[in-house]
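Student: First, the structure itself, so that you have it in front of you.
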C-alpha cells in the first residue's frame, strides 16, 4: 500500500508494517544490509537515500524520525 502501488519484487524484500519506527527499521536494516551486499558482491554501490520513510512524508507509510534517517544513512555508509 505504498508508492508505487504495484511494487516490483527486488533481490531482497523486507516487509515492514505501516508506522514502523526507528528501532524496528534500523534493526531490519542491520540484518538485511550485510545479506544483500554478500549476495551482490558489488565493486561499486550508489546509495539513493530517500526521505519517504520519514514520519511526515505523505507518500511513505513508515514513521522514521530525522534522527532515524541520519542513523540509517550512517549505517549504510559504514
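In our numbering, the protein residues as written are 2 to 79.
Yeah, the Cβ is synthetic: ideal placement off N, Cα and C, and Gly gets one too.
1) Is the distance from the Cβ of residue 15 to the Cβ of residue 29 below 8 Å?
2) What's the C-alpha gap between residue 53 and residue 62?
3) Determine the extent of the alpha helix (DSSP H) in which residue 39 is found, giving its start and end residues.
4) Quick one: grab the DSSP three-state call for residue 13.
5) Do residue 50 and residue 74 have their C-beta atoms closer together than 8 Å?
Tutor: By the coordinates alone:
1) Reading the chain shown from its first residue, position 14 is the one you call residue 15. Reading the chain shown from its first residue, position 28 is the one you call residue 29. Going by C-beta atoms, residue 15 is nearer than 8 Å to residue 29.
2) Locating residue 53 in the chain shown gives position 52, counting from the first residue. Locating residue 62 in the chain shown gives position 61, counting from the first residue. The straight-line gap from Cα to Cα measures roughly 8 Å.
3) Against the chain shown, residue 39 aligns to sequence position 38. Looking at the DSSP string, the run of the alpha helix (DSSP H) that includes residue 39 is 23-41.
4) Residue mapping note: residue 13 aligns to position 12 of the chain shown, counting from 1. Residue 13 falls in the coil class under three-state DSSP.
5) For the purposes of this step, residue 50 is taken as residue 49 along the chain shown, with counting starting at 1. For the purposes of this step, residue 74 is taken as residue 73 along the chain shown, with counting starting at 1. Cβ distance < 8 Å, so residue 50 and residue 74 count as in contact.
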